[in-house]
Structure formats: structure tokens, C-alpha cells
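With the UniProt record's numbering applied, the sequence shown corresponds to residues 1 to 764, in that order.
Everything below concerns the one structure shown next.
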Amino acid sequence: MAVVDHRRCFKLWYAFVVPLLHMSPSINGCIERERQALLAFKQGLVVDTLSQIVSTWGTSEGQNKDCCTWKGVYCSNQTGQVVELQLGSQSLQGSAMDVWGNMSSLAVLNLTDNQLEGDITNSFSELCSLRSLGLSNNNLSGEFPKFVQILSKCSQKQLEGLYLSNNRLSGEIPESIGQISSLTELSLYGNQLSGRIPASVGQMQSLTRLSLYGNRLSGRIPESIGQMSNLVYINLGKNSLEGVISETHFSKLSKLKYLDLSSNSLVLNFHSDWVPPFQLSVIILWSCKMGPYFPQWLQTQKNYSSLDISNTTISDIIPSWFWGLSRTAVLINLSHNQIRGTFPSSTMEFAYYPKLNFSWNQLEGPIPSFLSKSSSLDLSSNKLSGFFSFLCGIKASNLTLLDLSGNHVSEELPDCWTHLENLVILDFCGNGFLGKIPTTLGNLYSLETLKLKKNRFVGELPSSLMNCKHLKVFDVAENQLSGLIPGWLGFELPKLVILILRSNLFYGRIPLQLCNLTHVQILDLSINNISGTIPKCLSNLTALVDKGHSILTITHHYASDFGNGLFSESYDDAATLIWKGIMSEYKSTLGLVKSFHLSSNQLKGEIPKEIIHLGGLVSLNLSRNHLTGQINPDIGKLELLQSLDLSRNQIDGRIPTSLFQIYGLGDLDLSNNNLSGNIPMGSQLQNFDPSAFAENPLLCGLPLQRMCDKEKEKGSVQQTGVGNQDHEGGLVTRGFYISMGLGFAFGFCGVFGTLMFHESGRST
Numbered sequence: 001m002a003v004v005d006h007r008r009c010f011k012l013w014y015a016f017v018v019p020l021l022h023m024s025p026s027i028n029g030c031i032e033r034e035r036q037a038l039l040a041f042k043q044g045l046v047v048d049t050l051s052q053i054v055s056t057w058g059t060s061e062g063q064n065k066d067c068c069t070w071k072g073v074y075c076s077n078q079t080g081q082v083v084e085l086q087l088g089s090q091s092l093q094g095s096a097m098d099v100w101g102n103m104s105s106l107a108v109l110n111l112t113d114n115q116l117e118g119d120i121t122n123s124f125s126e127l128c129s130l131r132s133l134g135l136s137n138n139n140l141s142g143e144f145p146k147f148v149q150i151l152s153k154c155s156q157k158q159l160e161g162l163y164l165s166n167n168r169l170s171g172e173i174p175e176s177i178g179q180i181s182s183l184t185e186l187s188l189y190g191n192q193l194s195g196r197i198p199a200s201v202g203q204m205q206s207l208t209r210l211s212l213y214g215n216r217l218s219g220r221i222p223e224s225i226g227q228m229s230n231l232v233y234i235n236l237g238k239n240s241l242e243g244v245i246s247e248t249h250f251s252k253l254s255k256l257k258y259l260d261l262s263s264n265s266l267v268l269n270f271h272s273d274w275v276p277p278f279q280l281s282v283i284i285l286w287s288c289k290m291g292p293y294f295p296q297w298l299q300t301q302k303n304y305s306s307l308d309i310s311n312t313t314i315s316d317i318i319p320s321w322f323w324g325l326s327r328t329a330v331l332i333n334l335s336h337n338q339i340r341g342t343f344p345s346s347t348m349e350f351a352y353y354p355k356l357n358f359s360w361n362q363l364e365g366p367i368p369s370f371l372s373k374s375s376s377l378d379l380s381s382n383k384l385s386g387f388f389s390f391l392c393g394i395k396a397s398n399l400t401l402l403d404l405s406g407n408h409v410s411e412e413l414p415d416c417w418t419h420l421e422n423l424v425i426l427d428f429c430g431n432g433f434l435g436k437i438p439t440t441l442g443n444l445y446s447l448e449t450l451k452l453k454k455n456r457f458v459g460e461l462p463s464s465l466m467n468c469k470h471l472k473v474f475d476v477a478e479n480q481l482s483g484l485i486p487g488w489l490g491f492e493l494p495k496l497v498i499l500i501l502r503s504n505l506f507y508g509r510i511p512l513q514l515c516n517l518t519h520v521q522i523l524d525l526s527i528n529n530i531s532g533t534i535p536k537c538l539s540n541l542t543a544l545v546d547k548g549h550s551i552l553t554i555t556h557h558y559a560s561d562f563g564n565g566l567f568s569e570s571y572d573d574a575a576t577l578i579w580k581g582i583m584s585e586y587k588s589t590l591g592l593v594k595s596f597h598l599s600s601n602q603l604k605g606e607i608p609k610e611i612i613h614l615g616g617l618v619s620l621n622l623s624r625n626h627l628t629g630q631i632n633p634d635i636g637k638l639e640l641l642q643s644l645d646l647s648r649n650q651i652d653g654r655i656p657t658s659l660f661q662i663y664g665l666g667d668l669d670l671s672n673n674n675l676s677g678n679i680p681m682g683s684q685l686q687n688f689d690p691s692a693f694a695e696n697p698l699l700c701g702l703p704l705q706r707m708c709d710k711e712k713e714k715g716s717v718q719q720t721g722v723g724n725q726d727h728e729g730g731l732v733t734r735g736f737y738i739s740m741g742l743g744f745a746f747g748f749c750g751v752f753g754t755l756m757f758h759e760s761g762r763s764t
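Pasting the structure below:
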């Protein structure tokens, strides 16, 4: 669950308090020292980033001298002093944060959502009139303990809103924070704060919002928080907090509506008959320890909109009372537990179309129809059955995501996909579905991801799928599909980013139309019966040619109708790839794994020279075919490669010295070919296991034990015509040792980089 935007809070505060501060422009003009301070702030900004507001500020005598008339600046008409500065969301860059000392009457300073930087530790020591300080979403640094110590010295405590989120503030939260008793909102999420939460926070009795999400806080949560009777919002998620949370932590929090303790090492230990003093709207407790029994105190929470108790060690059945708690829910997440039993058979009614996630549990039995009244439904990795009645019972739906993967059913996938026109993500991987792929899947015109991997589908790909014009991810690996690879995949589905047909029974040639897939980043046709030659039109695969910066994830953005309005949703895709013989799932780095895999087919002929144009490739696997000819001497142009497998072909000739240029190469397999000559010396190639070069009878040199004949080695150096070689008369020169050292360094980086790149199992 995303952190609630601090800007909403600031706007609410602004609506009620700021009208009391707004006055007419000063009849006497602004104070000169304050005018100079504002001009100093402007001067410290990067000129190219000056917004329309700041660029209009006067800079010389007679040119708009009265700063009280400047945009974003508001003064008191009694004193002429600046009382408010509104410069939020202006894309300002710079480091002029030490200019505010002369503005002693400033009550509101809003610089949120800019790109300001610099140390703010001592920037506001004289601003004891501040009521709201908004610096969130910048790149500001500083020692938070000293910053608080300075603010707490003001004799008249007036500061009500302190918004410093998403910066680079460091240090501990000091005990002196409790002395700023006037605070009503404290937002520090997304910084680098460490240490414990001080017990003195309990002294801030006026505080309504406390957000410390996404820092490095540790230790126990002080019980004094339970005394903050005005708290409405508390977010301590994504830290390293530990210890037991008991009833004492909530004893007086009767106004609490928002609770987030997620992603910590907390144990929630309440008496079974505990009745909380609050009625929560948002409950985010994922990765806290709540089990093994279903938490009874939830029975008292009748009106929540969001509930996330995933990964909380619950191994109980879902009690019947749970389904009647909140009709207004928009999010229910109970995933990654050991919840067992069945769903209720009775019809439940939601007021809206919530996001429902019950994945990674031990639920069994049929899927009730009321679950289709959702915008997103994830039931993956359970033991559910009876998909036919559930899917064919859907007559109208707001579903945008449906994930039923990993339930291990043995039935045919029903052909009744006429009422799911809003579906964007569909995942049926690992279910053991039989028969043909339903033709009515072609009615899913909004579909962007279709995953049917690891089933027992047979027959050809239905041509109706060409109607899914928005499809970006298509994965049918590990089935028994057959026939020719249809050309319409490349012609009718131009948005494809991932195409995986691995481990099927496809035969025939690779259709030239696949070269029209200019967005494809992962193309995996391996382990089939494909014959013919590799197409020469590979340079048309623009996304694989591009060496530019790749986006880490492959993310879908779409609108979802919850029944109370459209909301923006996102989904990070995942895919399973074979990397050095190991099947691994990629998610958080999927966008980086640009791959071209044609291994284990019946391909013949030479590797087309056009393959060197695929400069964005990270993994190239053409192994286990009948390829002939030589390795392209310019293969070093594929300088981003981390994995190269050309093994078990009939490739001959020498290993190109241009492989030196692929510094990040961590996986290499050239074994079982007809390569000859010496393995190029002075590169990372000597650091690979000998098995990478094995079963090439005419290949010699390190790391193989088969040493080359010195005369042949000398001749081969002259024959290759590589200039400035450090081999002379078989002598090993100083340059050789330098290149060997560089080769080892780059080879180590390649292997280490590959390990860092490699993901397996569940991504979070």
C-alpha cells in the first residue's frame, strides 16, 4: 500500500490555517533584508530550472522592488514582513537553503516537490514563527537530531506541520522531539533515519499524523505512543523495528483510522477478547507475526477500506464472520500465509469492486461466484478446483487482473471468455490444463499479459489471439503445442515485449514476420523442432539493438474501475528464463534481461552476421542445433552480453579475439563444436572453467590442459594480423601480464555481475 501523499494533508492544513495569514500586499512595501534573502534564494537556483513564478522576481533597483507583490510571496499588511512562501511543485534545482535567517516572521514555507539539495541542519534556526515547514520530495540532507534541537529551542512553540519526507536526512530521532508539543503532523518517511523511536513522542499530545515509513529505525516501538489520544494516522512500515506490540500501544488511540506497521519484525500479541478503542479504515500489517490463529480483534473492525495481513504466519481457516465485516472494502490481501479450508458457498456482496489477493495459501475447493465481483483477483498457488463453473458463470465483470496460476487442476480450460472485456492481466501458469487453447480468448481486446505456461495444452495457437492487439507478454512455454509458428505473432501483435514459446512441439521455419517485433526484449523459441536457418532480418528487432538504458521492470499501467471511480493501477510482470541451464524467475530486473534464445532446435546454416547488430542483448543462446560456419569476428560488439552459449553445434574456425571486448561476460559455453587454434590469451577467457571449451578436438591453450604447439601459436599470431600483440618469439612480455590482470578483473566483474543480476524464486 502506497504511503498517503503528504500533499493532501498540507492542502487540508492550508485550507483552514492559511486564510488567517493571507493579507493584502503591504502598503509600505516589503522589508529590504527579506527582499535580499529572496533574491539570494533565487540566485542559488539553477537558472534553467527557474519557474515562471521565481523568474518574475525583481533583481534590480526599480524593477519590481516590492517583494510583497511577487508571485508565491505573501506579506502582512501591518508589518510588511513575509509570512508565507508558496513554491511547491516548481521543479526548482539548487542548494540555496541558508538564506532564511532574516525572515523571522515567516509562518508558512512550502518548497515541496522540487529538486533542491544541500544541508538544512542550521537553515531555520531563527524561524520561530513557523507554523508549517514543507520540504518533502527534494534531495535535502542534514543531521536530523541537530535540526530538531534547533527547532525545539524556540520559546513559543508554534510549529504545527513538519513535512520532510523523501529526502536524505540522517541520524536518530532525538528525545527533544517531544518538546515541540505544538506539532499536529510529523512526516519523515523516506529518509535515512536510524536508531530507536524515542519515548518522548508520547508527549506530543496534539499530533494527529505520524509517518516514519521507509527509514532505518530499529528497536522496540515505545508504549508511550498509546497515550497520543489525537492520533488519526500512524505509519511505521518498512523499518527494522522489532519486539511485541500489545494492547498498551493502542490504549488511548480512539481516533486512529490508519495503521501501517508492515515490513518489520514485530509480533502482534493481543488477548483473544481484546476490543480495540478504534475503528480503522486502513489496516496494513503485512510481514508482522500475527498467527497461527486468525486475529480475533479484526472482528471488531466493521468499516475498513483496505486490509493487508499477508505473510503474517496465519495457518487457520478464514472464520465465517470475516466475510461480513466490511462491504466497502477496496483491498483485501491475505496472501503468503498457510490459510486452509474453503471459501463460503453463500453469496457475498461488495459495495465496490475490490482488489482481492488470497494467493500462496492452502485453500481448496471451488471458487465462489462472488469473488468475480472484484477489480483484481489473485488466487494463485492454492489447491482450488472447479474453474469451469466460476469462469462460465461470469456475465459481467470489472476484472482487470485474474491470476489462477499454480492450482494444479486437470481439466480443460472452458471456452467462455465473452464477458471479460476489461481484463488486462491473465495468468493460468502451472495448472495442468488439458485440450486446446480456447478460441474465445481472442475476445479479450484489452489483454496485455497472457500466461499459459506449464500446462498440457495441445494443438495450434488459435488465430483469434491476433485480436489481442495490446498484448505485450505472451508466454506458452512448457506445453504440447504444435504446428507452425504463426506469422501473425509478428504482424498482428506489434506491441509484444516478451514472446516465450519454449518447450513445445512447434516445427517449421522461424517466420520472417517475427522481425516486425520492434519492442520485443525477450524472444525464446528454444526446445522445439524448428528447422531452417536463423533469419537475417534480426537488425529490425529495435529493442534488442538499442544499447540505451533499460527500465528495471516491465510494468503495465492501466485504469481499474472499483465501482466508485477509475483508479490508476500498475502490475510488474515476471518471466521464467533458462540461464546457464538453471530455470529462474525474473521480476525486479526483468526489463534488463534482453534475451534471444533458439537453443535445442534443428536449425542449420551459419549464424547470420546481422546478429552483431543486437547490441542490447544480455543473453544469447543458440546451443544444441546444427549451426555451421565460424563465430563472427565482430561478436565483441555485443558488449552487454553476460551469457553466451553456442555449444553443441558444428561451428569451426578460431575463437575471435574480439571476445575481449565483452567485459561483463559471466557465462560462456563454446563446448562440443569444431573450434580450432589457441584460445586467445590475455583476457577473461582464461578464467572460465575448462568445460566451456571442452570437446573441441583442435582447440588448445589455457584454461584447457591441452597446450598449443609453440610454432603453431607463433604462426597463428602472425596470421590473425592483430596489431601491437605482446607475443614475440613465444616470449611472454610485460604487456601480457597487464592484459592478463585486466582480463581477470573484468572476468571477475562479469561473474559477480551475473550473480547480482540473477534472481530466483519469488520477487518482492
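Note that CB positions come from ideal geometry on N, CA and C, so glycine has one too.
So what does DSSP say about residue i, is it helix, strand or coil?
| i | result |
| --- | --- |
| Asn235 | strand |
| Asp48 | helix |
| Ser194 | strand |
| Asn687 | helix |
| Tyr569 | The question names Tyr, yet the displayed sequence has Glu at residue 569. Glu569 falls in the strand class under three-state DSSP. |
| His613 | helix |
| Lys42 | helix |
| Cys75 | strand |
| Thr418 | coil |
| Asn443 | helix |
| Ala300 | In the sequence under discussion, the amino acid at residue 300 is Thr, which differs from the Ala named in the question. Reduced to three states, the DSSP call for Thr300 is helix. |
| Val497 | coil |
| Asn516 | helix |
| Val593 | coil |
| Leu391 | helix |
| Leu489 | helix |
| Val18 | A caution first: Val18 carries a pLDDT of 46, below 50, which makes its placement in the model unreliable, though a value can still be read off. The answer is helix: DSSP assigns Val18 an H, G or I state. |
Check this for me: beta carbons of residue i and residue j, under 8 angstroms apart or not?
| i | j | result |
| --- | --- | --- |
| Leu159 | Ser182 | yes |
| Gly616 | Asp546 | yes |
| Leu402 | Leu423 | yes |
| Ser376 | Ser560 | yes |
| Leu268 | Leu285 | yes |
| Asn382 | Leu363 | yes |
| Val473 | Asp573 | yes |
| Gly605 | Ile631 | no |
Check whether chain B comes within 8 angstroms of residue i, counting only Cβ atoms and requiring the distance to be less than that.
| i | result |
| --- | --- |
| Phe387 | As a matter of chain content, chain B is missing from the structure shown, which is built from one protein chain. |
What does the alpha-carbon distance come out to for the pair residue i and residue j?
| i | j | result |
| --- | --- | --- |
| Gly483 | Asn673 | 30 angstroms |
| Trp321 | Gln299 | 7 angstroms |
| residue 780 | Thr518 | Residue 780 is absent from the model: the chain starts at 1 and stops at 764. |
| Ser369 | Ile394 | 8 angstroms |
| Arg35 | His336 | 58 angstroms |
| Leu210 | Glu185 | 6 angstroms |
| Pro366 | Gln338 | 18 angstroms |
| Ser123 | Val99 | 7 angstroms |
| Ser739 | Asp645 | With a pLDDT of 34 at Ser739, under the threshold of 50, the predicted position of this residue should be treated as unreliable, and no value is reported. |
| Ser599 | Phe358 | 37 angstroms |
| Met681 | Arg196 | 56 angstroms |
| Gly44 | Met97 | 8 angstroms |
| Trp57 | Met204 | 39 angstroms |
| Phe270 | Thr121 | 41 angstroms |
| Leu496 | Cys515 | 12 angstroms |
| Tyr737 | Leu699 | Residue confidence for Tyr737 is low, a pLDDT of 33 falling below 50, so the modelled location carries little weight; the figure read from the coordinates is stated next. About 22 angstroms. |
| Leu331 | Val282 | 9 angstroms |
What's the call for residue i, buried or exposed, on a 16-neighbour Cβ count within 10 Å?
| i | result |
| --- | --- |
| Ser136 | buried |
| His557 | exposed |
| Lys469 | exposed |
| His597 | buried |
Give me whichever residues DSSP pairs with residue i in a beta bridge.
| i | result |
| --- | --- |
| Thr576 | Glu585 |
| Lys604 | His626 |
| Val82 | Cys75 |
| residue 778 | This structure leaves residue 778 out entirely; the chain is present only between 1 and 764. |
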